[in-house]
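In what follows, a structure is listed as structure tokens, so that the remarks can point back to it.
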Amino acid sequence: MEFLRFPLPEKVDEEKNRGNISIAMKIIDYYLSMDLPNEMKKRLEYEKIRLGLIKKDYGLGEKKALKMAFSRIENLTKEEFYSYMENGLIDYKVIDGKRRYFNRFIENLIFLKPDLKLRTKVGEDRLKSLVDDSIKRISMGEKLRYRVVAGIRVRLLKDSFYRVWLPFPVENDFSNNVKVIKTSHTKYEISEKMEHRTIYMEGTGRTFYVEFSYDISEISGEGDKSYKNLNNNQEKFPHVQFTPYIKYLASEIVGNENDPILKAKKIYNWIISHVRYTYVPEYILFNNISEYTATSLRGDCGMQALLFITLCRASGINAKWQSGWFVTPYSASPHDWAQVYHEEKGWIPVDPSFGNEFKGNTLRGDFYFGSLDGFRMVANEDFQVDLIPEKKFFRSDPVDNQRGEVEDTEGNIYFDKRASKIYVKKFEKIG
274 MEFLRFPLPE KVDEEKNRGN ISIAMKIIDY YLSMDLPNEM KKRLEYEKIR LGLIKKDYGL
334 GEKKALKMAF SRIENLTKEE FYSYMENGLI DYKVIDGKRR YFNRFIENLI FLKPDLKLRT
394 KVGEDRLKSL VDDSIKRISM GEKLRYRVVA GIRVRLLKDS FYRVWLPFPV ENDFSNNVKV
454 IKTSHTKYEI SEKMEHRTIY MEGTGRTFYV EFSYDISEIS GEGDKSYKNL NNNQEKFPHV
514 QFTPYIKYLA SEIVGNENDP ILKAKKIYNW IISHVRYTYV PEYILFNNIS EYTATSLRGD
574 CGMQALLFIT LCRASGINAK WQSGWFVTPY SASPHDWAQV YHEEKGWIPV DPSFGNEFKG
634 NTLRGDFYFG SLDGFRMVAN EDFQVDLIPE KKFFRSDPVD NQRGEVEDTE GNIYFDKRAS
694 KIYVKKFEKI G
């Protein structure tokens, strides 16, 4: 990702900033026809991919966006819709001269203006009750251990030869006894590298899958000592940078505190009380996720985790990434969180998005610094790590790996060209 340090040609940047995506892509093609240094060529190829994905993530025209909003929010008027837009609550971009709306702008509008939830038809959230009940039980000292059977299935558009990396559970102090149950292809390679643990398959077909089992423990009052890398207080370009604003913000939050864990708790408390949860476009579209989150005061689980990690590292604290899936007896979906290093306990969990006070639950705010529910499948102990074996083409998600990576002999297969299904088959208490 070091090539992202290099600037784009001025004309590409100008047209991109004007929203003239098609023109910017043509200018990139013109430059790519020249004899360029290898890293500049990579920079331009990467930018062309990003410009194409902007069009897909902002896929709603004005007419369709209004129709969706009117159908989801009772008694919404045009005037109200445009007032939300003018106040920055509706996510859109001007692309090739027309307003294009983010595909999940309605959900984000409700996150940013919670009173609108009363005007939408939303059923009872059984996941919320499940999590809250477990928090109360764990906080009283009753921790459980679970055995989970889950999996991921990727379906391609056509039968061909593919190389596929699917997320696979790590082995650590709280996640272990990992077993393969079945796979789509008989030959596979499981990475022993826990930073991005995958099961790799290659071969012909349209469907690739893995089903596995693992044991997971709830966490409260202890840390993970299995991860030995303590070099987690450095910048990691492009999303963990000690920019002037990040350094200022970290200093402002931490103040005169010297204890690393108390400093980290201050950072956590600031994030959960200032940053609202929202859905976001694909991470590949962001230049610096932590600074985006710090300045816009919004972002999803991974963005809040990266901001926490960045502010901690800028304050001299070892902090790192963890991610995989949020897995319950009902469903499974991608999720990211963080860890901070405790001198005596090891790596303790920190989940800013689940602790977020804007969700109206102070119990969660206290719990998710140092404790963690058992509704997790941990596949990644770090972010932005090379896959094993190495990919030949750019990744769909250069930061994380939760939905898998796929490529054929010609290039990467992006998320819009395949369907990924994450599922849970069994979730049972074992202790």
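In the numbering used here, the protein residues as written are 274 to 704. Note that CB positions come from ideal geometry on N, CA and C, so glycine has one too. Since the model is a prediction, treat every value here as computed from it, not as a measurement.
Exercise. Three-state secondary structure (DSSP) at Val658?
Worked result: coil
Problem set entry | Meets three-Cβ-pair contact criterion under 8 angstroms: the stretch 667 to 674 and the stretch 556 to 567 | yes
Exercise. Alpha carbon to alpha carbon, what distance is there between Asn685 and Lys299?
Worked result: 21 angstroms
For this session: Leaving aside the five residues before and after Gly619 along the sequence, list all residues of the same chain whose C-beta is less than 6 angstroms from its C-beta, in chain order.
Result: Gly496, Asp497 and Lys498
For this session: Provide the residue span of the alpha helix (DSSP H) that contains Glu283, from first to last.
Result: Glu283 to Arg291
Exercise. Is the stretch 463 to 474 touching the stretch 512 to 523, taking contact as three or more C-beta pairs under 8 angstroms?
Worked result: no
For this session: Can you give me the start and stop residues for the beta strand (DSSP E) that Asn449 sits inside?
Result: Ser448 to Thr456
For this session: Tell me whether Gln507 is buried or exposed, calling it buried when 16 or more other Cβ atoms sit within 10 Å of its Cβ.
Result: exposed
Exercise. On the three-state DSSP scale, how would you describe Thr477?
Worked result: strand
For this session: Return the residue from the list Arg345, Leu339, Lys284 and Arg323 that minimises the CA-CA distance to Asp356.
Result: One detail in the question is off: residue 356 reads as Ser in this sequence, not Asp. Ranking Arg345, Leu339, Lys284 and Arg323 by Cα distance to Ser356 puts Leu339 first.
For this session: Give the DSSP-derived three-state secondary structure of Thr350 in the structure shown.
Result: coil
For this session: Within the same chain, show all residues whose beta-carbon is closer than 7 angstroms to that of Arg637, passing over the 5 residues directly before and after it, in chain order.
Result: Ile408, Phe627 and Gly628
Exercise. Name the DSSP beta bridge partners of Lys509, please?
Worked result: Val513
Problem set entry | CB contact flag (Phe481, Val427, <8 angstroms) | yes
Exercise. Between Ala537 and Asp659, what straight-line distance do the alpha-carbon atoms span, to the nearest angstrom?
Worked result: 28 angstroms
For this session: Just grab the DSSP bridge partners of Arg426 for me.
Result: Tyr482 and Lys694
For this session: With DSSP collapsed to three states, give me the class of Gly677.
Result: coil
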